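>
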Amino acid sequence: MTVAGLKHYAGEVICNMENREQMNIVIVGHVDHGKSTVIGRLLADTGSLPEGKLESVKEYCRKNSRPFEYAFLLDALKDEQAQGITIDTARCFFKTNKRDYIIIDAPGHIEFLKNMVTGASRAEAALLVIDANEGIKENSKRHGHIVSMLGIKQVVVLVNKMDLVDFDRDVFNSITEEFTEFLNKININPINFIPISAFNGDNVAEKSCETPWYDGHTVLMQLDSFANRKEDIQLPFRMPVQDIYKFTEENDHRRIVAGTILSGTIKAGDEVVFLPSKKKSVINSIEGFNVNSAEKAGVGQAIGVTLKTQIYIKSGELMVRADEIQPVLSSRFRVNIFWVGKFPLIKNKDYKLKIGTSRITVKLAEILNIIDAAELNINTYKDQVERHDVAECILETVKPIAFDPISHMELTGRFVIVDNYEISGGGIILESVSDKGSTLHHNIGKSEFFWEKGLVSSNMREDLYGHKAKFVVLTSGNEEYEQSIHKIGKELEFKLFKSNYTTYYLGIASHTSDSSDRDSQIRQIGELAILFADAGHIFITSVFNLDDYEAEKLKLLNQTHEIKIVNIGESPFDSFVPDADINYSDIGGVVDSLCELIKNYNKNGVEELWDRSITRN
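According to my numbering, the stretch in the sequence shown is residues 1431 to 2047, in order.
1. Along the alpha helix (DSSP H) that carries residue 1984, what are the first and last residues, could you check?
2. Given this structure, state the Cα-to-Cα distance separating residue 1683 from residue 1737, to the nearest angstrom.
3. Runs of 3 residues minimum, wholly inside the segment 1738 to 1775: which ones carry the beta strand (DSSP E) assignment?
4. Does residue 1832 come out as helix, strand or coil in the three-state DSSP assignment?
5. Is the closest heavy atom of the ligand SAH to the C-beta of residue 1959 under 8 Å?
6. Would residue 1567 pass as a contact of residue 1647 if the rule is Cβ separation under 9 Å?
7. Within a Cβ cutoff of 7 Å, which residues of the same chain sit near residue 1911, ignoring the five residues on either side of it in sequence?
8. Between which two residues does the alpha helix (DSSP H) carrying residue 1895 extend?
9. Between residue 1632 and residue 1640, what straight-line distance do the alpha-carbon atoms span, to the nearest angstrom?
10. Hey, out of 1772, 1852, 1953, whose CA is closest to residue 1783's CA?
11. May I have the straight-line CA-CA distance separating residue 1651 from residue 1534, to the nearest angstrom?
12. Applying the 10 Å Cβ sphere with the 16-neighbour rule, what's the burial state of residue 1667?
13. Below 8 Å CB to CB, which residues in the same chain sit around residue 1616 once its five sequence neighbours on both sides are set aside?
14. Helix, strand or coil for residue 1450, going by three-state DSSP, please let me know.
15. Would you kindly report the start and end of the unbroken alpha helix (DSSP H) that includes residue 1919?
16. Run the CB neighbour count on residue 1811, radius 10 Å, all protein chains shown included, and call it buried at 16 or more, exposed below.
17. If you follow the beta strand (DSSP E) that residue 1704 is in, where does it begin and where does it stop?
18. For residue 1755, count neighbouring Cβ atoms within 10 angstroms of its own Cβ and tell me buried if that reaches 16, exposed if not.
19. Please state the DSSP three-state secondary structure of residue 1811.
20. Does residue 1890 pass the burial test, meaning 16 or more other C-beta atoms within 10 Å, or should it be called exposed?
21. For residue 1772, which of 1819, 1734, 2016 has the nearest alpha-carbon?
22. Measuring CB to CB, does residue 1916 end up less than 9 Å from residue 2003?
23. From residue 1520 to residue 1532, what does the alpha carbon distance come to, in whole angstroms?
24. If you follow the alpha helix (DSSP H) that residue 1652 is part of, which residue opens it and which one closes it?
25. Just the C-alpha distance for residue 1971 and residue 1586, rounded to the nearest angstrom, thanks.
26. Below 6 Å CB to CB, which residues in the same chain sit around residue 2028 once its five sequence neighbours on both sides are set aside?
27. Taking one C-beta from the segment 1711 to 1720 and one from the segment 1835 to 1844 each time, how about it: are there three or more such pairs within less than 8 Å?
28. Quick one: what's got a C-beta closer than 6 Å to residue 1514's C-beta in the same chain, skipping five residues either side?
29. Which of the three DSSP states, helix, strand or coil, is assigned to residue 2027?
30. Is residue 1725 buried or exposed, if buried means 16 or more other CB atoms sit within 10 Å of its CB?
31. Would the beta-carbon of residue 1473 fall within 9 Å of that of residue 1649?
32. Determine, using beta carbons only, whether residue 1627 and residue 1460 come nearer to each other than 9 Å.
33. Beta-carbon within less than 6 Å of residue 1555's beta-carbon, same chain only, minus the 5 sequence neighbours each way: which residues are those?
34. For residue 1990, does the count of other Cβ atoms within 10 angstroms reach 16, so buried, or fall short, so exposed?
35. What residue range is occupied by the uninterrupted alpha helix (DSSP H) comprising residue 1607?
36. Could you spell out where the alpha helix (DSSP H) holding residue 1468 opens and where it closes?
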């Protein structure tokens, strides 16, 4: 066959495959256990080789007095690739009546594992090849670990070279029993064990008369029985929020939430939820650049949406439909990560995790096991992840994030880790992990300082100043009050100061570059509050759109002092209950209400005053 003809054939195969269902599979096995022979046999028996290729390889072997091996077919394809013919031996294709298959492989374990663990490639099923004559080798177990770490659930074991043991049923059963026990220990439940001879074709494409005792599927039948992943458009709707645009000219009051749809579809009238804030609204319109509004949108489209109810959300949130399966919200999760950083990944160091459009501080909490990608050595005792290691570990973020486990959805289950402004690792999220105690308590506990205090007690300061120390936090979920709460805090400080209260105001800027900066500022303001409260002051801060996690964090940081969280107008909280709610009228009115609250409390010591809602018209 000419080079041009082969190129034309390859093009036809690819073109035809684009119109049919595809499934990615991975085939792994110990050296000389027959993995390449299995692949060659699948290509030959399904008619997926270039025309005349099988015959030409057999003729070459005859002329050179070499026994023919189906593995030679892969070598021949590699030779043609070296001559410039576009056949990718790292992605072999074969087809059945049901679907087309792509065998994901790569030259070298490092490249293969990097692609698989970072999500650049994704396999829906795995075939593990074991030599019936040699039995289970250490490398067989290593490959089992790899399949487990990749999160592949559809696993079938091919017990190859059964002809070398005379198709002995006892040999097959012994391998099945031993390897099943091992796989179960690493969280793999194999779907089937198939006795085959890849060289002779037994139980590959056709049932073999050599194994009357086996009544299960052939390899091809088993592959066709696998469940394939859904197309992105069939999956639940997911759109990471890229930005929020506001318009002020020509009386245009729209707020457009912009992003690119990763999966599913959305239409006007759909109720949506933004995560992790859990805020809800309804799609009013779907906008595009320089085009008319659309009724619906789907996968891959970069869109903007307007909402019927104006809510305050931030870039980095994940927009989902309320009537579909929701993502997971968690701050601890089990992951597989491929590390390429200049420095090792170590425990208890702050890194940046990027998932979707979100960026958040993350720590390595626990290492479960590590595979050296070059040597496939498995280590469960290392305390850091080196360059080119694949690690199964537990990561912990400073607050919950929204994600889908990789087994459910790919695009919202992938992440990268940034260290010193460089992408140093990538990986996939396998599942949420329950907290070992409160993550919030854990994070705060690690930052406690032990100071040497002076001789002046809090009671002595209270007697001198004539009031109790207190930490007052002002917040609001109304976007139009974003600047007002800062003005209220300043006016409150001034009015209390004029009334001989020892007070100090310090607010948090509303706009920070990412959630990591925001979390750092929340911690800093909480720690400053401890110092001011120790000094007997009424410390006032204003934090726009405080969420449940941030409020709880401030409460925990200041649990030895009085802290009062006051919401003004619409509440930003999901379930957290503030100490007081004040309806906004004007700045002066709100300041008067707050002063009344503080003065009455300090005069009477009546805690109940903080538990009632105050409305000032």
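The beta-carbon is built from N, C-alpha and C at its ideal position, and this holds for glycine as well. Source: prediction; values computed, not measured.
The relevant details are as follows:
1. 1978 to 1987
2. 12 Å
3. 1748 to 1751, 1758 to 1769
4. DSSP places residue 1832 in strand when its eight states are reduced to three.
5. In terms of ligand content, the structure shown is empty, and the ligand SAH therefore cannot be addressed.
6. no
7. 1998, 1999, 2014
8. Run containing residue 1895: 1888 to 1895, per the alpha helix (DSSP H) assignment.
9. 8 Å
10. 1852
11. 20 Å
12. buried
13. 1574, 1575, 1578
14. Look at residue 1450 here: in three-state DSSP terms it is coil, with no helix or strand label.
15. 1914 to 1928 is the span of the alpha helix (DSSP H), which, as asked, contains residue 1919.
16. exposed
17. 1701 to 1705
18. exposed
19. coil
20. Its Cβ having fewer than 16 others within 10 Å, residue 1890 is exposed.
21. 1819
22. No; because the gap between Cβ atoms is not below 9 Å, this pair is not in contact.
23. Bear in mind that a pLDDT of 46 at residue 1520, under 50, signals an unreliable position, so the model cannot answer this.
24. 1649 to 1655
25. 60 Å
26. none
27. Of all C-beta pairs linking the segment 1711 to 1720 to the segment 1835 to 1844, fewer than three are shorter than 8 Å, placing the two stretches out of contact.
28. Unreliable positioning characterises residue 1514 in this predicted model, as indicated by a pLDDT of 39, which lies under 50. A coordinate reading is not provided.
29. helix
30. exposed
31. no
32. Not closer than 9 Å, so no.
33. 1455, 1584, 1656
34. exposed
35. 1599 to 1615
36. 1465 to 1475
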